[in-house]
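Below is one structure, written out as structure tokens; comments come after it.
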Amino acid sequence: MQGSRQHRVVIVGGGFAGLNAARGLGGAPVDVTLVDRRNFHLFQPLLYQVATGGLSPADLCAPLREVLKKQANTTVLLSEVSGFGLSGRRVVTDHGELPYDTLIVAAGARHHYFGKPWERLAPGLKDVEDATEIRSRILSAFERAELIDDADERRRLLTFVLVGAGPTGVELAGAIGELARHTLRREFRRFSPAEARVLLIEGADRVLPPYLPELSSKAKRSLERLGVEVMLETLVERVDDGEVTLRSGDELSRVPCGTVLWAAGVQASPLARMLAEAAGLEPDRAGRIRAASDLTVPGHPEVLVLGDMVYLEDLAGKPLPGIAPVAMQQGRYAARFVRRRLAGKPTGDFHYVDKGSLAVIGRAAAVADLGFVRFSGYFAWLLWLFIHILYLVGFSNRALVLFQWAYSYLTRGRGARIIANASVGPPPDS
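Take a look at the structure:
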């Protein structure tokens with residue numbers, strides 16, 4: 000601290016890590032500036048519900064200014080970060096430069112297509128725009144199927160291919176299966192929505208690879224009960240307009256399809272590479288920065304990097320997963336780090352406390368691995384529901400989501416089936 004000036008903390012990103020860091024610094028003897036290109040915090044774990052018409056985007060969004068309005072020491076700026084001047088301790092934004100004493104960067108991640116130009120044909124699910132785009136593609140496929148007489152074209156339109164059987168792919172596949180077989184039942188006159196074919200493609204030998212084999216097997220059976228075709232040890236060779244090419248061993252097959260969705264990988268925000276270059280570091284293959292054990296950037300102890308932008312291993316040498324609990328704990332740690340450093344106390348290393356993993360497959364179906372106990376089915380789904388409601392930001396969001404889920408459970412309905420862009424994709428040739 001120089002003179003009477005407060006220590007300046009700039010936080011880039013209002014996701015789980017950045018928001019928890021900002022909240023943890025409320026009331027601290029620091030001036031906090033939170034910068035984000037969006038004016039809201041998004042609860043990403045439920046984004047698949049928006050993509051399949053179960054929830055509206057506003058149900059998962061909390062305005063950052065509202066969340067932080069009681070923190071007099073915190074300023075929220077709607078701005079895009081375009082660079083870092085680490086030697087002069089400046090963050091470059093499209094509205095000027097922000098000086099800092101401590102910088103916390105938590106800008107999240109985007110889809111990873113491994114160098115393939117498939118993003119337009121196979122959108123991923125990371126933000127609100129992705130979710131509404133996917134929702135439009137899914138619902139438009141059913142609408143177009145009602146307009147045509149050609150059986151082969153209808154089959155193509157009603158074939159949904161999901162690439163990647165991690166939690167996002169499994170959740171999307173299960174939700175589309177429910178949508179086709181239950182929600183849309185009796186709503187169309189010229190075909191049955193249950194004719195829809197949902198393919199889940201995974202290169203590994205089981206779905207949900209990070210989970211124990213027994214839970215992966217239970218998840219696969221739950222998906223199959225929803226009519227999802229699970230194709231394991233299968234890779235996507237090509238994605239074309241209206242078709243995907245799959246490779247299983249040495250065998251290639253072409254699958255005509257109307258919708259392809261990507262859930263096969265993520266890479267760090269481009270800001271991670273920018274920050275790495277500014278620090279003279281080389282990011283890993285996923286664009287992440289290899290941080291020190293206290294989350295600081297090597298050579299720059301005043302800069303912390305959090306969430307999907309950081310590569311860090313646990314005590315067993317296993318990389319920490321890019322999930323919300325990790326980001327939230329890192330955000331809280333970053334706030335304690337700043338407080339303790341200002342107080343002249345040891346900051347200590349970051350240690351992730353793994354409280355377990357949950358993945359939902361469909362209505363009243365989920366798998367849970369809490370370390371000391373593992374189970375699946377209805378009670379796993381209830382636990383998943385409770386935890387997700389608990390971590391939603393804002394009481395109004397919790398109440399809305401709980402009401403929507405109760406309605407959906409009792410009626411199998413999805414009340415947010417809005418096609419935001421009716422012109423998505425090519426028109427049918429009929």
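Position one of the sequence shown corresponds to residue 0 (numbering that gives the first Met the number 0), numbered consecutively onward. Idealized CB from N, CA, C, for every residue including glycine. The model shown is predicted, which means the values in this text are computed figures rather than measured ones.
Comparing alpha-carbon positions, which option in Leu369, Ala415, Gly202 lies nearest Ala262?
Gly202
Taking one C-beta from the region 65-82 and one from the region 184-201 each time, how about it: are there three or more such pairs within less than 8 Å?
no
Exposed or buried, Arg413, counting other C-beta atoms within 10 Å across all chains shown (16 or more means buried)?
buried
Inter-residue CB distance, Ala16 and Leu305 (contact presumed, cutoff 8 Å):
4 Å
The beta strand (DSSP E) enclosing Gln266, as first and last residue numbers
265-267
Beta strand (DSSP E) runs wholly inside the region 104-130, at least 3 long, in chain order:
108-110
Pairing CB atoms from the region 127-143 with CB atoms from the region 294-304, are three or more of them under 8 Å?
no
What are the boundary residues of the beta strand (DSSP E) that includes Arg237?
234-239
Run of the alpha helix (DSSP H) containing Ile388, from where it starts to where it stops
377-390
State the DSSP-derived secondary structure class of Gly424, mapped to helix, strand or coil.
Confidence at Gly424 is low in this model, with a pLDDT of 44, below 50, so the placement of that residue is unreliable and no value is reported for it.
Have a look at Leu156 and Ala144 and give me their C-alpha separation to the nearest angstrom.
7 Å
Per DSSP, what are the beta-bridge partners of Val304 in this structure?
Val104
Range of the contiguous alpha helix (DSSP H) that encloses Asp151
150-156
Please classify Lys217: is it buried, with 16 or more other beta-carbons within 10 angstroms of its beta-carbon, or exposed?
buried
If I follow the unbroken beta strand (DSSP E) through Pro62, where does it start and stop?
60-62
Delimiting residues of the beta strand (DSSP E) encompassing Phe11:
For the sequence presented, residue 11 should be read as Val rather than Phe. 6-11 is the extent of the beta strand (DSSP E) around Val11.
What residue range is occupied by the uninterrupted beta strand (DSSP E) comprising Ser247?
242-247
Since Asp30 sits in a beta bridge, which residues does DSSP pair it with?
Arg7
With DSSP as the reference, label Arg22 as helix, strand or coil.
helix
Where Glu312 falls: helix, strand or coil (DSSP):
strand
If we ignore side chains and look at the alpha-carbon of each, how far apart do Leu178 and Gly321 end up?
28 Å
Looking only at its chain, what residues have a beta carbon closer than 6 Å to the beta carbon of Gly25, apart from the 5 residues adjacent to it on each side?
Gln70
Indicate whether at least one CB of chain C lies closer than 8 Å to the CB of Val254.
In the structure shown, chain C does not exist; there is a single protein chain.
Assign Arg411 to one of three DSSP states: helix, strand, or coil.
coil
Length of the line joining the Cα atoms of Trp380 and Arg185:
27 Å
Taking Val75 and Leu33 to be in contact with their CB atoms under 8 Å, please state how far apart those CB atoms are, rounded to whole angstroms.
5 Å
Whole-number beta carbon distance between Leu63 and Asn38, since they are thought to touch under 8 Å:
6 Å
Rounded separation between Gly23 and Gln328 - CA only
11 Å
For the ligand ZN, I want to know if Thr258 counts as a neighbour, meaning its beta carbon is within less than 7 Å of at least one of the ligand's heavy atoms.
Absence of the ligand ZN is noted for the structure shown, with no ligands found whatsoever.
Does DSSP put Ala164 in a helix, a strand or coil?
coil
Residues near Arg89 by beta carbon distance below 8 Å, same chain, minus five either side
Phe83, Glu96, Leu97, Pro98, Tyr99
Nearest to Leu85 (by Cα), restricted to the options Ala27, Gly173, Val296
Val296
Sheet register partners of Arg89 (DSSP bridge):
Gly84, Pro98
Measuring only the C-alpha atoms, how far is Ile103 from Leu280?
17 Å
Are Arg331 and Tyr310 touching if we call contact CB-CB under 8 Å?
no
In the structure shown, what three-state DSSP assignment does Ile360 receive?
strand
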